[in-house]
Each structure stands twice: as structure tokens, then as C-alpha cells.
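Peer 1: Each residue of the sequence shown is one higher than the last, beginning at -3 in this note's numbering. Positions of the beta carbon are idealized from the N, C-alpha and C atoms, including for glycine. Given the structure is predicted, the values throughout are model-derived calculations rather than measurements.
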Amino acid sequence: MAFALATLITLSAAGTGYAKDGKKSWLDGMKVGVQLGYFNQVDNGSIPQLDENGSVFQAMLMLDTPLTKEDHITIRAILDVISSASIVRDHNQSWRALQSEATGDVHFDGQVGYRHDDNVWGVGTHVGGSGDFAYQSGAFGADGWVSFFEKDTTLAYSLEGYYASLQMIRFDGHYDPAQTRTTLTQALTLTQVLTPLTVFYLALNYTHQDGFLAGMFNSVFIDGVEAVENLPSTRERGSATVRVKQGIGEDQALELGAREYFDDWGLLAFTAMSTYSLYLFEHMLLIDLGYRYHHQAGLDYYQKSFTADPNRVFQTSDADLAPLDGHQGTLRLTFSNELFSKETSETGGVTVEGDYYTRSNGLDMMWLLLGYRGEF
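#1: Measuring straight from C-alpha to C-alpha, what distance separates Phe104 and Phe213?
#2: If you follow the beta strand (DSSP E) that His323 is in, where does it begin and where does it stop?
#3: If you reduce the DSSP assignment to three classes, tell me which class Leu63 lands in.
#4: Taking the beta strand (DSSP E) that Gln175 belongs to, which residues open and close that run?
#5: Heavy atom of the ligand COA less than 6 Å from the Cβ of His122, yes or no?
#6: Does the beta-carbon distance from Ser143 to Ser133 come in below 7 Å?
#7: Leaving out five residues before and five after Gln188 in sequence, what residues of the same chain have Cβ atoms less than 6 Å from its Cβ?
#8: From this set, Leu285, Val38, Gly50, Leu75, which residue's C-alpha is nearest Met56's C-alpha?
#9: Taking the straight line between their C-alpha atoms, what separation do you get for Tyr171 and Ala135?
#10: Whole angstroms is fine: what's the gap from Asp314's alpha carbon to Asn40's?
#11: Pairs of beta-carbons, one from the segment 302 to 314 and one from the segment 355 to 366, closer than 8 Å: are there three or more?
#12: Please determine if the segment 231 to 242 and the segment 317 to 326 are in contact, where contact requires at least 3 C-beta pairs separated by less than 8 Å.
#13: Alpha carbon to alpha carbon, how far is Gln37 from Tyr272?
#14: Between the C-alpha atoms of Thr354 and Gly325, what's the straight-line distance to the nearest angstrom?
#15: Give the straight-line distance between the Cα atoms of Asp206 and Thr61, rounded to the nearest whole angstrom.
#16: Using DSSP bridges, identify the partner residues of Lys241.
#17: Given a threshold of 16 other Cβ atoms within 10 Å of its Cβ, counted over all protein chains shown, does Val309 qualify as buried or as exposed?
#18: How many whole angstroms separate the CB atoms of Ala223 and Ser215, which I take to be in contact at a CB cut-off of 8 Å?
#19: Using DSSP with H/G/I as helix, E/B as strand and the rest coil, what is Asp316?
#20: How big is the Cα-Cα spacing for Pro306 and Tyr110?
#21: Between Asp139, Leu162, Thr194, which lies nearest to Ala183 when the distance is taken from Cα to Cα?
#22: On the DSSP bridge list, what partners appear for Leu227?
#23: Apply the 10 Å Cβ neighbour rule to Ser332 and answer buried if 16 or more other Cβ atoms are within range, or exposed otherwise.
#24: Since Thr179 and Tyr158 should fall inside the 8 Å C-beta cutoff, what is the C-beta to C-beta distance between them, to a whole number of angstroms?
#25: What is the DSSP secondary structure of Gly140, counted as helix, strand or coil?
#26: Around the Cβ of Gln373, are there at least 16 other Cβ atoms within 10 angstroms (buried) or fewer (exposed)?
#27: What whole-angstrom Cβ distance do Ala254 and Ala268 have, given they're in contact under 8 Å?
#28: Buried or exposed: where does Leu263 fall if 16 or more other Cβ atoms within 10 Å of its Cβ makes it buried?
#29: Between the Cα of Met164 and the Cα atoms of Phe129, Leu198, Leu155, which residue gives the shortest distance?
#30: For Ser133, list the residues DSSP reports as bridge partners.
#31: So, for Leu359: in the same chain, excluding its five sequence neighbours on each side, which residues have a beta-carbon less than 8 Å away from its beta-carbon?
#32: So, Gly106 versus His122, is the Cβ gap smaller than 7 Å?
#33: Rounded to a whole number of angstroms, what is the C-alpha to C-alpha distance between Thr99 and Lys65?
#34: From the DSSP output, in three-state form, read off Thr121 for me.
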């Protein structure tokens, strides 16, 4: 089972850019973001035979260094320390092939990119890689955007590709031959300013995957006997997202949105989203209150447990592919540095976020995020 932080906050800070002698330093115009995150999953009875409690501690660093006014180099580094109890089976307590020790299993993700942003258009590209003891992946991406009608209309397109190698460590600890996975994602977005206080957003996403798409150490129970998960080797996925943000005076805003997801495995999902935003203390404190409802029909191949069937090819008990209803609440506080000192730049600040997500299939999740923006 894999864990990921579902929400990331972009944090940036402009450097002062001057050395003590008054000349510009190499920090001139640099933006820096630092974030610490904690994710916790609580198993309230999802699959009786498994303990799916787990946690992730994450540290993230982002740099944006200008080469010229329009050209930038971007760097991102993410380190996850993962502790998962899902591999401690009730029938094999001594096995620790995937169970983290005191320091946890470590996953690293790094990315380097280039961006050119003109007044009404921009392009970018990046390469990266990630890995841990059982998963290694290379990534590439490209994107572009263009604005029309005095920037009231913006169209953007992005392409992301991943090639991954998976070490096939099965649920009982034995190794199968390594497998690969390829993922290609495209996104087309439209941002439209309707009025000075109203913004409309539309996103269309399509993803193609092929290779080994099951969980390498996921399992199912057939008449009480544990067996490997098996899923198709290709998957076509699509989604459409619509959001409208309405300003309410100078200090408040309300955003409403909806997302429809579908794939050729038979998974259908609908998500409704809302966020209320409020500025306080002359815009030095921003409060965001969010609510998200998620309904998922479930995968055709999913069951909590199975009976023997010689004609069945695909089978999974992955809780993320189950039918479920989910409710998520979010509280985010963003503090400008000017709230603490009038001598600091308003581009800096501190962000604190807490999320709680409860699902009808027995898994609850919590996120805590802390970010800092400051000046050199």
C-alpha cells in the first residue's frame, strides 16, 4: 500500500538580492519554499485480515532561480519517511521484508526544470526521478500557456510521463521478476475571468498506463487463503473538473467546484468541493475553510474477500478501489510576515494547514502541513 500527501502548498519567497557592498548577489530574485508535512491513516476495519494503519513524514524544498526576467530554473526535492503497519500480517508476525524499522522506509523525489514566462505566454519543461528500496521512476514533463483578451482568458496544456521499475516483493516475502510501468498524462485547462470578482476554471485530464498496474505486495483472500492481487496491464483514465470562484467584497471569496472521474476498469467517481476564504488584519492573515465530498462506485474487480472461481482473472481488495463515500474538511491559515514585523516583505509568510478525511469503507486520514516563506 502506498501513501501520498494529497495536498501540497506552493510556498515562495523573494530574496533581497544584495550583498553587503550593495551589489546584487546570486540570490537576486530567488524564490524559496520549505514545507513539512505529516500524514496519518487510521484503519477502522477496512479489511479484517490486514492492519492498514500508517503514517508519512514529508520534507519538501522548492527553489526558483531567475536567469533573466523571463527565464527561470526550478528545483524541487521531497523526502518521505514512511511507516506502515499494513505488512504486519496476523498470520506471519515475524516477516519484516517491507515493514519499516525505527527510521522508517525512505522515499526520495527530485526534479529540475526550466521555465520561460513572457507577458502573455510561457513554456516549461522538467526532468526528475524518484525511488525507494522497491520502486524507481524517471519522469519528464512539458507545459505551455497563452493568454488572450488582456489576460482575461488563459489556456494551458501539460504533458507528464513516468517510467517506473518495480521490485516484485510479494505479500509472503518471495521475489518475482521485476516489472515496469509506464504512465502518460495530458491536461488541458481554461481559466476565464468573467467579472472583476468572478473566475471560471475548467480542466480536462487524460491518463494512459500500461505495464504492471497492481500493487506489488497487495493481496486478496480467497476462501480464507491469501493470494496475489491481479489487475489488467493497461488503464485509460479521464476526468473533468469545473470550479467557480466568486469574490465577496475585498476580503472574502467563495469557491465551488465539481469533478467527474472515469476509467476503463469500471471505476466511476464524483467529487464536490467548496472553499470559503477570509482576509483579516489588512490582508495579513488569510483563512481558508474547505469541504470536499467524494462518492466512488467502486471497481468491477473489487471485493473484500473472494470465493474460488476458476473463470476469474482479475481480483483486488485495495481499499482505494472500493465503493465508498468520503467527507474531508480543511482549515488553512496563511500569515504574512508583515503580521509579525513591518520591516519584512509581504511576499514572505507562514502557512499552517490541517485536513481530516473520513471514508465509509473504514479508512480515515489526516494531514498536517507547515510551510515557511521568508527572505534572504
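Peer 2: In brief:
#1: Phe104 and Phe213: Cα-Cα distance of roughly 20 Å.
#2: 320 to 332
#3: coil
#4: Start and end: 171 to 191.
#5: Within the structure as shown, the ligand COA is missing, as the structure has no ligands at all.
#6: no
#7: Thr149, Phe196
#8: Leu75
#9: Spanning the two alpha carbons is a distance of roughly 26 Å.
#10: Approximately 15 Å, taken between the alpha carbons.
#11: Verdict: no, contact absent.
#12: no
#13: 26 Å
#14: 9 Å
#15: Approximately 36 Å between the Cα atoms of the pair.
#16: Val195, Glu251
#17: By the neighbour-count rule (16 or more Cβ atoms within 10 Å), Val309 is not buried but exposed.
#18: Indeed, because the Cβ distance is near 6 Å, the residues count as touching under 8 Å.
#19: helix
#20: 53 Å
#21: Asp139
#22: Paired residues: none, contrary to the question.
#23: Answer is buried; the Cβ neighbour count reaches 16.
#24: With a contact defined as Cβ atoms closer than 8 Å, Thr179 and Tyr158 qualify at about 4 Å.
#25: strand
#26: Because the chain spans -3 through 372 in this model, residue 373 falls outside it and cannot be assessed.
#27: 5 Å
#28: buried
#29: Phe129
#30: Ser126, Ala160
#31: Gln37, Val38, Asp39, Asn40, Ser42, Glu48, Ala315
#32: no
#33: Bear in mind that the predicted position of Thr99 carries a pLDDT of just 37, short of 50, making it unreliable; the figure below should be weighed with that in mind. Taking the straight line from one Cα to the other gives about 43 Å.
#34: strand
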